[in-house]
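In the numbering used here, the protein residues as written are 441 to 714.
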Ligand SMILES: [Fe+2]
Ligand SMILES: [Fe+2]
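Okay, here's the thing in structure tokens:
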């Protein structure tokens, strides 16, 4: 066919056949057919991020997806993905919890903060528990303690940031003096022979000497009691604590010009090609 969808907006573009190479590779999942003729007549391709596909068969098909986007009825996903709830113009932490974070991670974070609250722990610990896995919830899992700490750094007390960063290393090491043992789940997840790498061991040793060690350790303690799928916790329970301990930017997370604004924008528009 000739001409583009833009040149003839009243005509529906008939989707062409997906090349067998992409079908066979299971990449149809990354291609969104037009949903609604009145809203969008074009197919949209989501190019999966390198970090998500490296080491998998999907990484071999990036070129094929690029080629696919050259069709006149096809563009890359940019801006709002219709499959996701639209975010407000000035999103708050609560908006990310409710409109972006995966259900399992959101539930875990809220439960872990609830355990901290019920145990009478201070607001910094409650805040750290509520935020400790937000990188897993909305951005990246590998190195999640470090990513999460960076994401919240401009908005929380340094002790909270530090505790989130160090929980990454502390969770691998028991501290029987406070009742923390190596989680049974890790034996299943990583195998009984898993040994944390040297840099994690060094991080752990250094963290043990820090004056905020127990703040981070408490994250790991509350962590293991916070995976009950039947317990539902409302974000509103923490509204006051967050109001006092998280400096919500007036422009909205992602738009305050901070050094981490791009991380929040990546969660608003996670499928942007570039
Ligand atoms: Fe974690
Ligand atoms: Fe956790």
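Beta carbons: idealized from backbone N, C-alpha and C, even for Gly.
- In this structure, residue 572 has its beta carbon less than 7 Å from a heavy atom of ligand 1.
- In this structure, residue 472 sits near residue 483, with a CB-CB distance shorter than 8 Å.
- Under the criterion of beta carbons closer than 8 Å, residue 614 and residue 626 do not qualify as touching, at roughly 11 Å.
- Nearest to residue 555 by alpha-carbon distance, out of 530, 508, 661, is 661.
- Take residue 575, set aside five residues on each side of it, and the residues of its chain with a beta-carbon closer than 6 Å to its own are 584, 587, 588, in chain order.
- Just so you know, the alpha carbons of residue 528 and residue 698 end up roughly 19 Å apart.
- Taken through DSSP and simplified to helix, strand or coil, residue 680 comes out as helix.
- Taking C-beta separations shorter than 7 Å and ignoring five residues to either side along the sequence, the partners of residue 713 in its chain run 487, 516, 517, 518, following chain order.
- Distance from the CA atom of residue 708 to the CA atom of residue 648, rounded to whole angstroms, is 36 Å.
- Within the chosen limit of 7 Å, ligand 2 reaches the beta carbon of residue 663 through at least one heavy atom.
- In the DSSP assignment, residue 620 is bridged to 615.
- Relative to the Cα of residue 668, the nearest Cα in the group 544, 633, 569, 599 belongs to 544.
- Non-local beta-carbon contacts of residue 687 in its own chain, meaning distances under 6 Å to residues more than five positions away in sequence, involve 595 in chain order.
- In this structure, the beta-carbon distance from residue 603 to residue 568 falls below 8 Å.
- Under a 10 Å Cβ-count criterion, residue 684 is classified as exposed, with fewer than 16 other Cβ atoms of the shown protein chains found around its own Cβ.
- The bridge partners DSSP lists for residue 695 come to none.
- Your pair residue 612 and residue 636 checks out as a contact, with CB atoms roughly 5 Å apart and the cut at 8 Å.
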